[in-house]
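Numbering (my numbering), first residue to last: 1371 to 1511.
Virtual Cβ for every residue (Gly too), placed ideally from N, Cα, C.
Note that this is a predicted model, so its numbers are computed, not measured.
Accompanying notes for the structure given below.
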Amino acid sequence: IAAGNTPGSKDDPVVSQTYVDELVGVKVTALQNQIDEIMGMLEGTGGNSGGNTGGDSNSGGNSGGDTNSGGVTTKTVTVTGDSVNIRASASTSGSVVTTVSKGTVLTYLSQTQTSDEIWYNVKTSGGSTGWIRSDLVTSPK
């Protein structure tokens, strides 16, 4: 312990790092939401620079297949734990965004490695995004 740093105080390096990790996770989630919104708008235009010219009125989103209108493959993971928390940051101390049940299919967005765990950034069918530990879901497919 560094001189003058009381364990558990805001000056404690462990608390400070956890706080930073959580803030970064919140910012990453917010940016991912913006990216998802922009991708949805692009899908709604049919992917052409002239916009949607009629006929196909795709409003964006995935219609249940493994690819979106841009031909990009969407990976998913399936929850294997009974009741699993999705968190705002890639840490067990991150705030809980939502809880999902065993068998729930989530859209895989990305992953990060912490000192001893791999975390997946995921999106629920309801649109919530957050982080889930890799040992609580299947590998991305």
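In the DSSP assignment, the residues bridged to Leu1476 are Val1447. Considering only Ser1459, Val1398, Ala1458, Val1447, the residue with the shortest C-alpha distance to Pro1510 is Val1447. Straight through space, the alpha carbons of Ser1463 and Thr1443 are spaced by roughly 32 Å.
Inclusion of Ala1458 and Glu1407 in the CB contact set at 9 Å is not warranted, their separation being larger than that value.
Assigned with DSSP and collapsed to three states, Asn1403 falls in helix. Taking C-beta atoms as the reference points, Thr1494 and Ser1461 fail to come closer than 9 Å. When only Cα atoms are considered, Lys1397 and Val1507 end up about 24 Å apart. For Leu1479, the number of other beta carbons within 10 angstroms of its own is at least 16, and it is reported as buried. Per DSSP, the unbroken beta strand (DSSP E) holding Lys1493 starts and ends at 1488-1493. For Ser1453, the enclosing beta strand (DSSP E) stretches over residues 1453-1457. One alpha carbon belongs to Gln1402, the other to Asp1486, and they sit about 24 Å apart.
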